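Chemist:
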Amino acid sequence: MIEFDENRNMAAKVKIIGIGGGGNNALNTMISSHLTGVEFVAANTDAQALAANLAPMKFQLGASLTKGLGAGANPEVGRKAALEDVEMIREILKGADMVFITAGLGGGTGTGGAPVIAEVAREMGALTVAIVTKPFHFEGKKRMKQAEEGLANLKMTADALITIPNQRLLSVSGKNMTLLEIFKKADEILYHAAKGISDIIVGHGIINLDFADVRAVMSETGMAMMGTGIASGENRSLEAAQKAISSPLLEDISIEGARGLLINITGGENMTLSEINEATSLIQKEAHEDANVIWGMVIDPSMKEDIRITVIATGFGKAVEKRVDKPVPSGLKRFSHIPGFKDRSKEIPPFSISVKEGNRETPTFMRRVKANERFDELKLDSPSDFTI
């Protein structure tokens with residue numbers, strides 16, 4: 010008698026966490042748009058905003074710290090609030106194969122808390138993808154600076170990072186579009202990014218992907234490019250593909266040189282194999298010649314004469330250089346005056362970090378907090394002043 014392991018046939022468990030005001034709003038859009046096959050979780054320091062969210066699972070961050078009144082646009086408060094409830098975060102993320110983290114950067118809760126959640130998710134073994142927005146220019150330099158700092162932290166904690174600059178939305182929206190409509194547009198873009206990936210790994214497509222393939226394309230890749238194109242008519246597949254890889258929303262990044270491509274093609278029942286071939290061929294020509302390309306196809310009768318193509322491109326040279334090939338800095342020499350200190354930085358391979366057995370269950374950021382406290386006691390410069 011042949012026995013089957015039912016767990017092997019189960020779809021990957023995907024969780025989407027919306028953190029902060031912007032992340033919570035994006036979550037509402039995804040739920041209202043009937044995104045299925047995923048678990049929604051809302052996290053916030055603002056108890057009132059959290060109560061109004063549509064997510065079936067909600068948790069308040071830093072209740073004792075913020076008293077449920079929010080982070081006051083202070084990322085440090087957002088970070089501490091997330092650290093306060095890190096065990097709750099671990100419990101909520103338990104069992105997830107893939108974790109999407111969505112947030113609007115520039116404020117307090119999302120900017121400070123998203124990197125903490127990302128690091129916990131990765132250390133628990135989940136493929137972690139952050140999909141975030143950057144503020145409009147009119148929101149001020151301080152908010153933009155905070156967003157950039159949050160972005161830098163996410164680059165070091167999430168497997169892949171997709172960024173949508175709100176300022177670019179002005180270029181694709183009419184002058185008469187209201188602010189609420191523009192923010193709604195941003196939420197829809199975040200929705201399509203999550204849907205484009207989740208649809209082809211949770212069994213919604215005619216051609217689905219092995220989760221291991223998705224992990225291979227998106228794991229530890231740094232900045233990622235996301236584009237969606239919709240078209241109809243005679244050359245609809247080519248037009249949709251071209252729109253997807255030349256989105257005006259992309260910032261300082263293009264598909265050229267990408268070594269990983271995830272393509273989702275969604276169309277009505279009249280979509281042909283020839284159209285799929287045309288679209289994927291066009292996209293592949295723009296990427297690196299040795300790119301790892303995986304794709305899935307979804308038949309959606311409601312699309313009728315339209316074809317929608319979502320492209321996630323990863324593995325850009327700059328991201329690989331920053332995350333893998335960057336040598337250990339010589340800044341360790343600043344501690345050479347300490348008796349018995351020996352600089353072993355040259356002996357350590359890039360990003361080969363040794364962890365004591367007893368610390369394996371302690372998240373990296375918690376070890377950093379403890380290290381910072383110890384350095385404060387010694388009245389030395391914090392080890393977080395330099396980046397490895």
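Numbering-wise, the sequence shown is residues 10 to 397 according to my numbering. We treat Cβ as the ideally placed atom computed from N, Cα and C, and that holds for glycine. These numbers were taken from a predicted model, which means no experiment stands behind them.
Just list the beta strand (DSSP E) runs in the region 36-120, keeping only unbroken ones of 3 residues or longer that don't cross its boundaries, in chain order.
Modeler: Those beta strand (DSSP E) runs which fall completely within the region 36-120 and span 3+ residues are 48-53, 66-69, 107-113.
Chemist: Give every residue of the same chain whose Cβ lies closer than 7 Å to the Cβ of A328, excluding the five residues on either side of it in the sequence, and list them in chain order.
Modeler: Because the pLDDT of A328 is 40, which lies under 50, any placement of that residue in the model is unreliable, and the question is left without a value.
Chemist: Any idea which residues DSSP pairs R414 with across the strands?
Modeler: With the chain covering only 10 through 397, there is no way to say anything about residue 414.
Chemist: Determine whether the beta carbon atoms of I318 and A221 lie at a separation below 8 Å.
Modeler: Their beta carbons are not under 8 Å apart, which means I318 does not touch A221 by this criterion.
Chemist: Identify whether K150 lies in helix, strand or coil by the three-state DSSP scheme.
Modeler: Correct three-state label for K150: helix.
Chemist: Using only the alpha-carbon positions, how far apart do N162 and P124 sit?
Modeler: Those two C-alpha atoms are separated by around 6 Å.
Chemist: Are the region 261-278 and the region 301-314 in contact at 8 Å, needing three or more beta carbon pairs?
Modeler: Result yes; three or more Cβ-Cβ pairs closer than 8 Å.
Chemist: List the DSSP bridge partners of V307.
Modeler: Partner(s): T275.
Chemist: Just the C-alpha distance for Q155 and A135, rounded to the nearest angstrom, thanks.
Modeler: Taking the straight line from one Cα to the other gives about 27 Å.
Chemist: May I ask you to report which of helix, strand or coil DSSP gives G231?
Modeler: Strand.
Chemist: Assuming A72 and A51 make a contact with CB atoms under 8 Å, what is their CB distance in whole Å?
Modeler: Actually they do not touch by this definition, with Cβ atoms about 15 Å apart.
Chemist: According to DSSP, simplified to helix, strand and coil, what is N244?
Modeler: It is coil, neither helix nor strand.
Chemist: Tell me whether N33 is buried or exposed, calling it buried when 16 or more other Cβ atoms sit within 10 Å of its Cβ.
Modeler: Buried, by the Cβ-count rule.
Chemist: Can you name the start and end residues of the beta strand (DSSP E) that T281 belongs to?
Modeler: From DSSP, T281 is part of no beta strand (DSSP E); its letter is neither H nor E.
Chemist: On the criterion of 16 or more Cβ atoms from any shown chain inside 10 Å, does K103 qualify as buried, or is it exposed?
Modeler: With fewer than 16 Cβ atoms within 10 Å of its Cβ, K103 is classed as exposed.
Chemist: Report all residues from its chain with a CB closer than 6 Å to the CB of R152; omit the five preceding and five following residues, and keep chain order.
Modeler: Excluding sequence neighbours, R152 sits near G115, P144.
Chemist: With I173 as the anchor, note down where its beta strand (DSSP E) starts and where it stops.
Modeler: Note, I173: beta strand (DSSP E), 169-174.
Chemist: Check whether the Cβ of I206 lies closer than 7 Å to any heavy atom of the ligand FMN, and answer yes or no.
Modeler: The model on display carries no ligand, and the ligand FMN is accordingly not part of it.
Chemist: My assumption, with CB atoms under 8 Å, is that M133 sits in contact with A169. Please give the rounded CB distance.
Modeler: With a Cβ gap of about 17 Å, M133 and A169 do not count as contacting.
Chemist: Along the beta strand (DSSP E) that carries A296, what are the first and last residues, could you check?
Modeler: Premise fails: A296 is in no beta strand (DSSP E) and is neither H nor E.
Chemist: Would N368 be called buried (16 or more neighbouring beta carbons within 10 Å of its own) or exposed?
Modeler: At N368, the pLDDT of 43 sits below 50, so the modelled position is not reliable and the matter cannot be decided from this model.
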